[in-house]
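**Student:** Letter by letter, the sequence shown follows residues 0 to 524 of numbering that gives the first Met the number 0.
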Amino acid sequence: MGKTTPLPLSIVLLLFISCLMSIIGKLRPWTSLLPPELLSLDLATRLHIDPEITSLASTDFGKLVRVIPAAVLYPLSLDDIVALIRFSFRSSVPFGIAARGRGHSVRGQATAHKGVVVDMRSLDNDHNNGSRIIVDRSSPSVNNWYADVGCEQLWVDVLHATLEHGLAPRSWTDYLYLTVGGTLSNAGISGQSFRHGPQISNVYEMDVVTGRGELVTCSPQTNSELFYAVLGGLGQFGIITRARIALEPAPTKVRWVRLLYHDFIAFTRDQEHLISFNNGSEGIKGLDYVEGSLVMNQSPANNWRSSFFSPDDHSRIISLANEHGILYSLEVAKYYDDEVDGELEALLKGLSFIPDLIFAKDVSYIDFLNRVRSGELELQSQGLWDVPHPWLNLFVPKSRILDFDSGAFKGILRQNNKISGPILVYPMNRNKMSAVIPEEDIFYSIGLLLQSSGTHDWEHLEEQNTEILRFCEKAGIKIKQYLPRYQTKAEWVNHFGPKWDTFKQRKTKFDPKAILSPGQGVFTS
Ligand SMILES: Cc1cc2nc3c(=O)[nH]c(=O)nc-3n(C[C@H](O)[C@H](O)[C@H](O)COP(=O)(O)OP(=O)(O)OC[C@H]3O[C@@H](n4cnc5c(N)ncnc54)[C@H](O)[C@@H]3O)c2cc1C
0 MGKTTPLPLS IVLLLFISCL MSIIGKLRPW TSLLPPELLS LDLATRLHID
50 PEITSLASTD FGKLVRVIPA AVLYPLSLDD IVALIRFSFR SSVPFGIAAR
100 GRGHSVRGQA TAHKGVVVDM RSLDNDHNNG SRIIVDRSSP SVNNWYADVG
150 CEQLWVDVLH ATLEHGLAPR SWTDYLYLTV GGTLSNAGIS GQSFRHGPQI
200 SNVYEMDVVT GRGELVTCSP QTNSELFYAV LGGLGQFGII TRARIALEPA
250 PTKVRWVRLL YHDFIAFTRD QEHLISFNNG SEGIKGLDYV EGSLVMNQSP
300 ANNWRSSFFS PDDHSRIISL ANEHGILYSL EVAKYYDDEV DGELEALLKG
350 LSFIPDLIFA KDVSYIDFLN RVRSGELELQ SQGLWDVPHP WLNLFVPKSR
400 ILDFDSGAFK GILRQNNKIS GPILVYPMNR NKMSAVIPEE DIFYSIGLLL
450 QSSGTHDWEH LEEQNTEILR FCEKAGIKIK QYLPRYQTKA EWVNHFGPKW
500 DTFKQRKTKF DPKAILSPGQ GVFTS
């Protein structure tokens, strides 16, 4: 055996110091940003400070901002979330905590500067024995059928689990790969909202961990203030861990129809007529889904939201859009099991779409609800999904929608010709909506779902958004933003309007140290 020579003392010392430096380097975020006592908690092994992990949690689908947290918690159970919030609440220097669903916000709403991001998806683990979606249809009344759902669950998984019982939620988002907790913190809107209200209007009960670290069950009957605060509450009052979602019998098929218009007045008149038959009013059951979108040069009729038209129809529509500058595509759906022709014909009778430009197809209920997924997968395969998304979502009062069309659609968007992505426009009823909306019975949801072609050229789309907002301000169009991220307190106060005082009082009650969802920027700059 060869003789081993001991390393010179200076090298041993050097190695020791470099090891120490690397450990201190790793610990630095703890010691400098979070109280070191956090390490003594049970959950410490599930708190990660690795720069690769904190970097992933520093941005979102929008790819417009970057806010680095001190750590990311991968909770094993609700106890971890309770312990973390309680710790921050009791600490002399509380730190921010943000629940992160899928991080599909676009302006850093699920981030926590120097705080802790809680990766909610990790609750979907073996520890919970796959019991995070439980369907109950034991009641004789359909109005009492529900699913108890963990808020880290994706809506697509809720759909599959409930369909096994022949049931499904009533209200949806267009895209299903969003978490239940994430959309319930905003509103969750789509073409069903005119009829059933947004997703936040279809919840019976929730479990919430408040900013004091207390786990509370709330409903319209019990702890109702917390219940109404949390739904659409931008994550400001508590982390939702379970929601009881209203269900209805699921249909098997959907007749999906698109009607094209060149006249915006006729288009909106028909949309408003169609949403007037909601929930059996005037003895007619009405449609199950009503939306609409613009068709123009850089916003083609087929896009990632859905490739509805055949190639031949698509070329025909594009050449007509070029001729008119803009076309408007009214999109409706009627659910059914056996027969739909007569009922649908009666509903669409007398509408003023361009003769012959009506297109229909029959699809399964699942394929209809999950219609955006194939477009997403295609963009992903082309490397065009993970690009900046400077989205702008607005609610515009019905009385000013024609002015909005002239100034924003026919004016700014056409002149700039910078559009790239779907542009949605569809009406909703105030009486179904509890989120922040304009002061009118009917208002339009406008979604400018734009994306940049590369990673850096999004500024010009953002300038266009600013131009649209300035136009509304100058023209006195009292819009409300959906999913906003304001920079100043004055803007938030203006956003909430008369609801601001209640919002603030509830914050003092449920999260007095302003720990939760700091990325929204409502109570933290
Ligand atoms: C492709 C795409 C399509 C979309 N389509 C629609 C649509 O049709 N309709 C619609 O309304 N919206 C739509 N959205 C927007 C979507 O509703 C929001 O992005 C929403 O935030 C859901 O995303 P998320 O689950 O990733 O939540 P995140 O972005 O992770 O979180 C959003 C906010 O909620 C908070 N939060 C997350 N989970 C919880 C929880 N359990 N408890 C309390 N607070 C929580 C976060 O801290 C953050 O402030 C779409 C977004 C994308 C990217």
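Glycine is no exception: its CB is placed at the ideal position from the N, C-alpha and C atoms.
1. Could you tell me if Pro511 is buried or exposed, where buried requires 16 or more neighbouring beta carbons within 10 angstroms of its beta carbon?
2. Might you give, ordered along the chain, the residues of its own chain that have their beta carbon closer than 6 Å to the beta carbon of Ala160, omitting 5 neighbours on each side?
3. Can you tell me whether Asp152 is buried or exposed, with buried defined as 16 or more other CB within 10 angstroms of its CB?
4. Give me, in chain order, the residues of the same chain whose beta-carbon lies closer than 6 Å to that of Trp457; leave out the 5 immediate sequence neighbours on both sides.
5. Which residue wins for smallest C-alpha separation from Ser90, given the options Leu32, Glu461 and Phe276?
6. Looking only at DSSP bridge pairs, what is Ile392 linked to?
7. Ligand 1 and Ala98: does the residue's C-beta get closer than 8 Å to at least one heavy atom of that ligand?
8. Could you pull out every residue in the same chain whose Cβ sits closer than 6 Å to the Cβ of Thr30, ignoring the five residues on either side in sequence?
9. Any heavy atom of ligand 1 closer than 8 Å to the Cβ of Arg370?
10. Could you check what DSSP says for Asp135 in three-state terms: helix, strand or coil?
11. Pick from Met432, Val202 and Asn142: whose alpha carbon is nearest that of Val148?
12. Between the stretch 111 to 125 and the stretch 71 to 87, do at least 3 Cβ pairs fall closer than 8 Å?
13. For Gly95 and Leu326, what's the separation of their Cα atoms in angstroms?
14. Can you have a look at Lys479 and say buried or exposed, based on whether 16 or more other CB atoms are within 10 angstroms of its CB?
15. Are the stretch 341 to 359 and the stretch 417 to 425 in contact at 8 Å, needing three or more beta carbon pairs?
16. Alpha carbon to alpha carbon, how far is Asn143 from Ser137? Give it in angstroms, no decimals.
17. Taking DSSP as the reference, what is the three-state secondary structure of Gly406?
18. Closer than 6 Å by C-beta to Ala265: which residues in its own chain qualify, once you throw out the five before and the five after it? Chain order, please.
19. Nearest-angstrom Cα distance between Ile48 and Trp384?
20. Would the beta-carbon of Tyr481 be found less than 8 Å away from any heavy atom of ligand 1?
21. Determine the direct distance from the alpha carbon of Leu259 to that of Val521, and round the result to whole angstroms.
22. Looking at Asp173 and ligand 1, is the gap between the Cβ and the nearest heavy atom below 8 Å?
23. Answer yes or no: the CB of Val229 versus the heavy atoms of ligand 1, is any distance below 8 Å?
24. Is Leu72 a contact residue of ligand 1, with contact defined as CB to any heavy atom under 8 Å?
25. Three-state secondary structure (DSSP) at Arg243?
26. For Ser54 and Ala111, I'd like the C-alpha separation in whole angstroms.
27. Where are the alpha helix (DSSP H) runs, 4 residues long or more, that stay fully inside the stretch 32 to 118, in chain order?
28. Check whether the Cβ atoms of Gln108 and Gly518 lie closer than 9 Å to each other.
29. Ligand 1 heavy atoms versus the CB of Phe266: any closer than 8 Å?
**Tutor:** In brief:
1. In the sequence shown, residue 511 corresponds to position 512, counting from 1. Residue burial annotation: Pro511 is exposed, with fewer than 16 other C-beta atoms found within 10 angstroms of its C-beta.
2. Against the sequence shown, residue 160 aligns to sequence position 161. The residues are Ile132.
3. Residue numbering aside, residue 152 sits at position 153 when the sequence shown is read from its first letter. As written in the sequence, residue 152 is Gln, which differs from the Asp given in the question. That one is buried.
4. Against the sequence shown, residue 457 aligns to sequence position 458. Within the same chain, Trp457 has close Cβ partners Pro387, Pro389 and Ser451.
5. Position 91 of the sequence shown, counted from the first residue, corresponds to residue 90. Per the Cα distances, Leu32.
6. For the purposes of this step, residue 392 is taken as the residue at position 393 of the sequence shown. The sequence given here has Asn at residue 392, not Ile. Answer is Gly446 and Tyr481, bridged to Asn392.
7. Translated into positions along the sequence shown, residue 98 becomes position 99. Yes.
8. Counting from 1 along the sequence shown, the entry for residue 30 is found at position 31. Residue confidence is low: Thr30 scores 47 on pLDDT, short of 50, so the model does not pin down where it sits. Its coordinate-derived value is still stated next. Excluding residues up to 5 positions away in sequence, nothing lies with its Cβ nearer than 6 Å to the Cβ of Thr30 in the same chain.
9. Position 371 of the sequence shown holds residue 370. The beta carbon of Arg370 sits no closer than 8 Å to any heavy atom of ligand 1.
10. As a position in the sequence shown, residue 135 is number 136, starting the count at 1. Reduced to three states, the DSSP call for Asp135 is strand.
11. Residue mapping note: residue 148 aligns to position 149 of the sequence shown, counting from 1. The residue with the shortest Cα to Cα distance from Val148 is Val202.
12. yes
13. The sequence position of residue 95 within the sequence shown is 96, counting from 1. The sequence position of residue 326 within the sequence shown is 327, counting from 1. So the two alpha carbons sit approximately 46 Å from each other.
14. As a first step, residue 479 is located in the sequence shown; it is residue number 480 there, counting from the start. The residue in question, Lys479, is buried, as its Cβ has 16 or more Cβ neighbours within 10 Å.
15. no
16. Residue mapping note: residue 137 aligns to position 138 of the sequence shown, counting from 1. Residue mapping note: residue 143 aligns to position 144 of the sequence shown, counting from 1. If I take the Cα positions, the gap works out to 9 Å.
17. The residue given as residue 406 occupies position 407 in the sequence shown. Helix, per DSSP.
18. Numbered from its first residue, the sequence shown carries residue 265 at position 266. Contacts found: Ser351.
19. One-based indexing of the sequence shown puts residue 48 at position 49. One-based indexing of the sequence shown puts residue 384 at position 385. Their backbone Cα atoms lie some 27 Å apart in a straight line.
20. Residue mapping note: residue 481 aligns to position 482 of the sequence shown, counting from 1. Tyr481 Cβ: within cutoff of ligand 1.
21. On the sequence shown, position 522 is the one that residue 521 refers to. On the sequence shown, position 260 is the one that residue 259 refers to. Approximately 41 Å, taken between the alpha carbons.
22. Position 174 of the sequence shown, counting from 1, holds the residue named residue 173. Checking every heavy atom of ligand 1 against the Cβ of Asp173, one is found closer than 8 Å.
23. Taking the first residue of the sequence shown as 1, we reach residue 229 at position 230. Flag set: Cβ of Val229 near ligand 1.
24. The residue you call residue 72 lines up with position 73 of the sequence shown. No, ligand 1 has no heavy atom inside 8 Å of this Cβ.
25. Counting from one through the sequence shown, the residue named residue 243 turns up at place 244. Looking at Arg243 - three-state DSSP - the assignment turns out to be strand.
26. For the purposes of this step, residue 54 is identified with residue 55 of the sequence shown, where counting begins at 1. For the purposes of this step, residue 111 is identified with residue 112 of the sequence shown, where counting begins at 1. Each residue's alpha carbon lies about 12 Å from the other.
27. With a minimum length of 4 residues, the unbroken runs of alpha helix (DSSP H) contained wholly in the stretch 32 to 118 fall at 50 to 55 and 77 to 89.
28. The residue given as residue 108 occupies position 109 in the sequence shown. The residue given as residue 518 occupies position 519 in the sequence shown. Taking 9 Å as the cut-off, the Cβ atoms of Gln108 and Gly518 count as close.
29. Here residue 266 is taken as the residue at index 267 of the sequence shown, counted from 1. No; taking the cut-off as 8 Å, the Cβ of Phe266 has no heavy atom of ligand 1 nearer than that.
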